[in-house]
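Okay, so here's the structure we're looking at.
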Amino acid sequence: MGTAVGGGKSVPRYVQIADEIVQQIRAGVLKPGDMVPSESELVDRYGVAGGTIRKAMVEVRASGLVETRHGKGSLVKARPPVRHRSSDRFRRSHRKGGKAAYLAESEQAGATAKVSVLFIGPADAPDDVAERLGVAAGDKVLARRRLYFRNGTPVETATSYLPWDVVKDIPELFAENPGPGGIYARLEDDGHIFAEFVETLQARPASKAESSELALSPGAPVVHLIRDAVTEEGRVVEVCDTLMAADQFVFSYRIPAAD
């Protein structure tokens, strides 16, 4: 039975239960690392059917405050979102200070960051990437695929595609650790000075494989981000295809109001 609210409408019982659980998390009654009570416990507590509890937990998971572990139940997350500052993370001063973008933003959030390199080597340029790089589809490019962790939890995957004629004479770009400041610092060292970074974002549910790689609940929201790194000459020298756990990032942009 729903509870009447303004205008004579009622709130479904599962929504009421979800709201109560979310408030318990935000108030610290359920603390980071705690398990949310099991379905049977919630059925007994609220006197409702299991289907109602399952619908309530869908709402709770959508809040981004819990993560579901197969066979174990739902756990209150212990990590606040990283603040992803488009207007700050690619500053040249970070690169000159020896910090790549992800490490810089994680440090600002007070988090411990780790990068695991999954693949580095030649690859055929996918059609959409080739168009962005201004090369033919299937042309050889350098691919660098990484998995990013924050406080021990995977939060992001990223694959960089770079034109072969740009990278073939920069050996550091073929190394797991390209050196202080990351690949952008090495590209600028070689004379490819950046003018801007252009990002396109799309929110969508994670696929089964993506959910597994990022330790997410099935169908959890992710942000698919494509970034073009553009030099002062107007050339795109890197396309970065990134998938991010949506609950772990807040996007903040500074947009000039001038003409």
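Residues in the sequence shown are numbered from 0 upward in steps of one, following numbering that gives the first Met the number 0.
Note that the Cβ used here is the ideal one computed from N, Cα and C, for glycine as well.
Predicted model, so just to flag it, every value in this text is computed and none were measured.
#1: Counting only runs that start and end within the segment 26–85, where is the beta strand (DSSP E) found for 3 or more residues in a row?
#2: Nearest-angstrom Cα distance between E19 and A219?
#3: For L74, I'd like the list of residues in its chain whose CB is within less than 8 Å of its CB, leaving aside the five on either flank, ordered along the chain.
#4: Determine contact between the segment 235–247 and the segment 159–170, defined as no fewer than three beta-carbon pairs at a distance below 8 Å.
#5: Could you tell me whether the Cβ atoms of A112 and R149 are closer together than 8 Å?
#6: Drop a sphere of 10 angstroms on the beta-carbon of I24, count the other beta-carbons inside from all chains shown, and report buried for 16 or more, exposed for fewer.
#7: Taking the CB atoms as reference points, tell me whether A244 and L213 lie closer together than 8 Å.
#8: Are the CB atoms of S62 and V21 nearer to each other than 8 Å?
#9: Rounded to the nearest angstrom, how far is the Cβ of F193 from that of T230, given a contact under 8 Å?
#10: If we call anything under 8 Å between Cβ atoms a contact, is A124 one with L132?
Quick look at the numbers:
#1: Complete beta strand (DSSP E) runs here, min 3: 65–68, 72–75, 81–84.
#2: 21 Å
#3: Cβ neighbours of L74 beyond the five flanking positions: G32, D33, M34, V35, V65, E66, T67, R68.
#4: Enough Cβ pairs lie closer than 8 Å, so yes.
#5: yes
#6: buried
#7: With contacts defined by Cβ atoms closer than 8 Å, A244 and L213 form a contacting pair.
#8: yes
#9: Yes, they are in contact, since the Cβ atoms of F193 and T230 sit about 6 Å apart, within 8 Å.
#10: yes
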